[in-house]
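The structure appears below as structure tokens.
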Amino acid sequence: MNAPTGSAVLEGGRGAANRAVRFRRYGGPEVLEVLSVPRPVATPGTVVVEVVSAALNPGEIGIREGAFALMWPATFPEGQGNDFSGVVAEVGPGVHGVQVGDAVLGFTPRAAQAQFVLTSPDRLAPLPPGLGWDEAASIAGAGATAWAAVRAVDPRAGETVLVSAAAGGVGVVATQLALLRGARVVGTVGEANEEFLTSLGAVPVRYGPGLVERVRAAAPQGLDACVDTFGPPNAEVALALGVPAHRVNTLADGRAVQRHGVRHEAQEQADTPQVWSELAHLVARGQVRIPIAATYPMTEVAQAYRDLGARHVRGKRVLHIASAARRAELTR
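According to my numbering, the sequence shown is numbered sequentially starting from 155.
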């Protein structure tokens, strides 16, 4: 990112319209609304980013439904979305290393699904040339989660790693990161994604009853590690096939964590712009692919989450926050 040249706004001045996704009560996708809210203004040490794309993540469903109300209570009307890509629109006093017009990606809890977001410059990473807006928006959440999970089990060249939901938003990145380390990956998928997983260089195994036997047949020399991105029974399968608990990392099986002491490292353990930047360069160079399953205009946010809740998707679902015309203006 370049040195700042002073505060400025790319589209709209202070007080301009700012549409944002909000919900006024806990519930299903029907509680989601797109409202007009005040546009943030850069204060000392902060920047405003005009959002182009915002990723959708399964955890956001639980937050909206109230499953985490005791841990992370909502303040209604509550915002939504965490990871995004966009363009710096305004720079506050005292900010260095960022200037208006920089293409960035970032992470702003419960705020990313809005036309403009206020954030700190140290919560942004630059977009390298060749990285698309939708893929960039998927890095600070799903990408960082995959990074942390793979790092937790530390696969080495020649080892075999089981990755569950290996074609999903986190699983597809975890699969490729393990392959980049020289490991062999056995990934659980549905029938529709078997050919895709093979194209990445992994060995697909159909999930469902009989999974232990299918994984054993796919990895006759045994498993060394497991990245579980889906939940039961995958951690138990890995343990049954001899993977030590400290080399199993689950994102969605709290019971396995409590009963067996398997690891539970996720986005919080890779929540740094340095990690995001490394991932961004891997994607820009084509060493890691982030498939985009579907994109939606901001007004179709409820349908986007209905589709996300159905699971069994390949890659990521992304909201297009900027209009098609605005995206065309900003395409680099």
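Idealized CB from N, CA, C, for every residue including glycine.
From a predicted model like this one, the values you see are computed outputs, not experimental measurements.
Query	Result
Does the beta-carbon of His474 have 16 or more other beta-carbons within 10 angstroms, so that it is buried, or is it exposed?	buried
Ordered along the chain, which non-local residues of its own chain (more than five positions away) have a Cβ less than 7 Å from that of Gln421?	Gly295, Ala298, Thr299 and Ala302
Since Ala448 and Arg471 should fall inside the 8 Å C-beta cutoff, what is the C-beta to C-beta distance between them, to a whole number of angstroms?	5 Å
Can you tell me the Cα-Cα spacing of Ala478 and Gln423, whole angstroms?	35 Å
Expressed to the nearest angstrom, what Euclidean distance is found between the alpha-carbon atoms of Ala209 and Val402?	27 Å
Give every residue of the same chain whose Cβ lies closer than 7 Å to the Cβ of Val391, excluding the five residues on either side of it in the sequence, and list them in chain order.	Leu365, Val366 and Val369
Gly240 lies in the beta strand (DSSP E); which residues open and close that run?	Asp237 to Val245
Compute the distance between the beta-carbons of Val206 and Gly235, then report whether it is under 8 Å.	no
Which ranges would you report for the alpha helix (DSSP H) in the segment 292-322 if only whole runs of at least 4 residues count?	298-307
Helix, strand or coil: which one does DSSP assign to Asp382?	strand
Among Ser190, Leu186 and Glu204, whose alpha-carbon lies nearest the alpha-carbon of Glu214?	Leu186
Is the segment 281-293 touching the segment 304-312, taking contact as three or more C-beta pairs under 8 Å?	no
Once DSSP output is grouped into helix, strand and coil, what is the label at Tyr459?	helix
Do Leu189 and Pro231 have their C-beta atoms within less than 8 Å of each other?	yes
To test your reading of the DSSP string, which unbroken beta strand (DSSP E) runs of 3 or more residues are found completely within the segment 354-404?	357-360, 379-382 and 402-404
Can you tell me where the beta strand (DSSP E) holding Ala448 begins and where it ends?	Ile446 to Pro451
Taking DSSP's pairing of strands, which residues face Ser190 in a bridge?	Arg173
Should Pro358 be labelled buried (16 or more other beta-carbon atoms within 10 Å of its own) or exposed?	buried
Does Phe270 pass the burial test, meaning 16 or more other C-beta atoms within 10 Å, or should it be called exposed?	buried
Run through DSSP, which three-state label would Phe350 get?	helix
So is Ala291 buried or exposed if we call it buried at 16+ other beta carbons inside 10 Å?	buried
Mark Ala223 as exposed unless 16 or more other C-beta atoms lie within 10 angstroms of its C-beta, in which case mark it buried.	exposed
Looking at the unbroken beta strand (DSSP E) that takes in Arg264, where does it start and where does it end?	From DSSP, Arg264 is part of no beta strand (DSSP E); its letter is neither H nor E.
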